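Report on one structure; see the data block that follows.
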Amino acid sequence: MISLSASNSQNSTHAKHGLAVSVQNVGLTYTTSIDKRPTLKARLKSLGRGKKHTRIVNALSQVNLDVHYGTVLGVIGSNGAGKSSLMRVISGIVPPSQGRVEVHGSVSTLLALGVGFNPSMTGRANVYLGGLAAGMSRAEIDEQFEAIADFSELGDAIDAPMRTYSSGMYARLAFSVAATVQPDILIVDEALSTGDAHFKEKSLNRIKELRSADRALILVSHAMATIEDVCNEVAWLHKGKLMARGNPAEVIKQYREFTNTGKSSAANEDV
Amino acid sequence: MSAPVAIYEPFRAGLPPLGAYLRALWARRSFIAEFSRSELREQNYGSIFGQLWLVLNPLLLSGVYFLLIYIIGGQSDSNRYGHLTASLFLFYLVSNSLTGGVKSITAGQRLILNTAFPRIMLPISAMVIALFKFVPTLAVFFVMRTVLGLNYSWQMFWAIPVVLIALLMGLGMAILISCINVYFRDIASFLPYMTRSLLYLSPILYQASDLSDKLRSFEIANPIFYLLDAWSQVMVYAQAPDLFSLLHSLVWALAIFIIGTYFFLSRERDFAVRL
């Protein structure tokens, strides 16, 4: 949102296979402070001692990735591979340290569930809060409210404060709000494993419904079965580098050989 | 629907394109309102009086400070009490923006790490919350000054520019301090002492005219000294404020707002990695 350069020449629908996201040579290094909270005292103590109070974390290096409209891209990789970092760079939350990202179209992110929710408010109020945080307008939420409430299957609990919700109920409402936003590009980061088996399937179906020729979906997941089922392309990240990209079955096979997990049920199970 | 092209490149300290930034901010205005309202609700959540605290707080506060000046000063008339209450309420508008603003970025971590939006929204809602708290105190004050038998006059419309300047000041301070807190968390611990000093350095427990000329010339360094003086002139004595007071506070407010906003906007893309 920050560096919007106006180009209104494109049509409302994106040409099939038009470029949605272009990640060019992107590197990301975090300089994090060693002590979690930077304080003046720590600064003063280390003054003149040449002591570094930061360390550099290489989250991504030299990543090149084009995502076209009509694509459902699955992103896989072990923990700490840089998947979430890449999603944050693409959605403009964290600026890259090297390289450049071009995003053609509106982006909606589902990086964590219930962002912007306030637990002391009712579910109803949080639908508005979460929807507005996701960039919807009040009128749009008014229009969609019934659909959101129905999808969440919360019934009367929608008018109870969210701190009385179970974690499953919380996640269901959060997913229902997020799935209502209709962006050009949707980025979902491991947000599908919410609720019970019934709701998991429902949310997976919702993601499938969102697949269309004029939308690009990027899905981060550890659930290989889901990725194979939903995606038509897979990218595999390892330690910040793009290892492979292409046909889901092939890339997943390579990834499995690399990590030696085999086709274990544990990796398939979770959505 | 147009297809905007967003380009993300390495962070450099510098202003984002202001037009696009303001449009994005404007598009989020209902989120600012909703977010502020829910934060405010949460602060009084679970208490018996609930939202009534918005009125009870200022009433109790003025009662306590009245006790203080009555005991120390040994005398009090209705003007003095009116002055104390009015000044205290405006002071709290500014200091609530500061205390709400200081942690607005660091507390909004989850929001910042997971959604792209103009970050300045967070300190803005700190100011909006302070304003929500201020409005009921105004009503309390008008009831009080009627009971005290203070005069009314058309000059009291000067209150509008004075409040606007106070809002700009509070906003600028919230923006500046929220940004400083990202880099130096210690500022949040210093803040209570800073606002307390500001309270004693400003004409609240005393009147601006009580100070010697020498002290008053030092008070030029206090951003809210003349703001509060102007406010008291308008609200208690129903007089037009003197031009110097208005200009002094306007210049301070603009300076803090511009410096704070520049600092904030040029650094905000860096916030996500520092939380």
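Chains as they are written, first to last, in this note's numbering: chain A, -19 to 251; chain B, -13 to 261. A virtual CB, placed ideally from N, CA and C, is assigned to each residue, including glycine. As the structure is a computational prediction, the values presented were derived from the model and not from experiment.
Item	Value
Proximity below 8 angstroms, CB of Leu251(B) to CB of Ile58(B)	no
When Ile232(A), Asn227(A), Asp122(A) are compared against Met204(A), the one with the closest alpha-carbon	Ile232(A)
With 16 other Cβ atoms within 10 Å as the buried cut-off, status of Pro3(B)	exposed
Per-residue burial, Leu222(A) [other beta carbons within 10 Å of its own, 16 or more giving buried]	buried
CB contact check: Ile115(B) to chain A, cutoff 8 angstroms	no
Coarse secondary structure for Glu213(A), derived from DSSP in three states	strand
Start and end residues, beta strand (DSSP E) containing Val83(A)	78 to 84
Length of the line joining the Cα atoms of Pro141(A) and Leu229(B)	50 angstroms
Neighbour list for Ser117(A) in chain B, Cβ cutoff strictly below 9 angstroms	Ala13, Ser16
Minimum C-alpha distance to Asn65(B) - residue among Ile210(B), Gly94(B), Asn137(B)	Asn137(B)
Option in Tyr67(B), Phe176(B), Phe243(B) with minimal Cα separation from Leu134(B)	Tyr67(B)
Between the CA atoms of Ile138(A) and Leu187(B) - distance to the nearest angstrom	49 angstroms
Integer-rounded CB distance, given that Tyr10(A) should sit under 8 angstroms from Val259(B)	5 angstroms
Sufficient close CB pairs (3 or more, under 8 angstroms) joining the segment 181 to 197 of chain B to the segment 152 to 171 of chain B	no
Those residues which DSSP pairs with Asn38(A) across a bridge	Thr9(A)
Chain-ordered neighbours of Pro(-4)(B) on chain A, where CB pairs are closer than 7 angstroms	Pro75, Pro76, Ser77, Gln78
Where Ile198(A) falls, given that 16 or more other Cβ within 10 Å makes a residue buried	buried
In DSSP terms, what Thr102(A) is bridged to	Pro141(A)
Under 8 angstroms from the C-beta of Ala129(A): neighbouring residues of chain B	Per Cβ cutoff of 8 angstroms: no residues; Ala129(A) is ~18 angstroms from chain B at best.
For Ile210(B), the three-state DSSP class (helix, strand or coil)	coil
CB contact below 8 angstroms: Ala92(A) versus chain B	yes
Beta-carbon proximity of Ala216(B) to Val149(B), cut-off 8 angstroms	no
C-alpha gap between Trp216(A) and Ser88(A), whole angstroms	22 angstroms
Proximity of Val157(A) and Val81(A) at Cβ, strictly below 8 angstroms	no
Beta-carbon proximity list for Trp39(B), same chain, < 7 angstroms, skipping 5 on both sides	Asn30, Ser33
Boundaries (first-last residue) of the alpha helix (DSSP H) holding Val(-9)(B)	Note, Val(-9)(B): premise wrong, no alpha helix (DSSP H); beta strand (DSSP E) at -9 to -6.
CB contact below 8 angstroms: Arg27(B) versus chain A	yes
Arg202(B) versus Phe52(B) - alpha carbon distance	24 angstroms
Status (buried if at least 16 other CB within 10 Å, exposed otherwise) for Ala154(A)	buried
In DSSP terms, what Val43(A) is bridged to	Val6(A)
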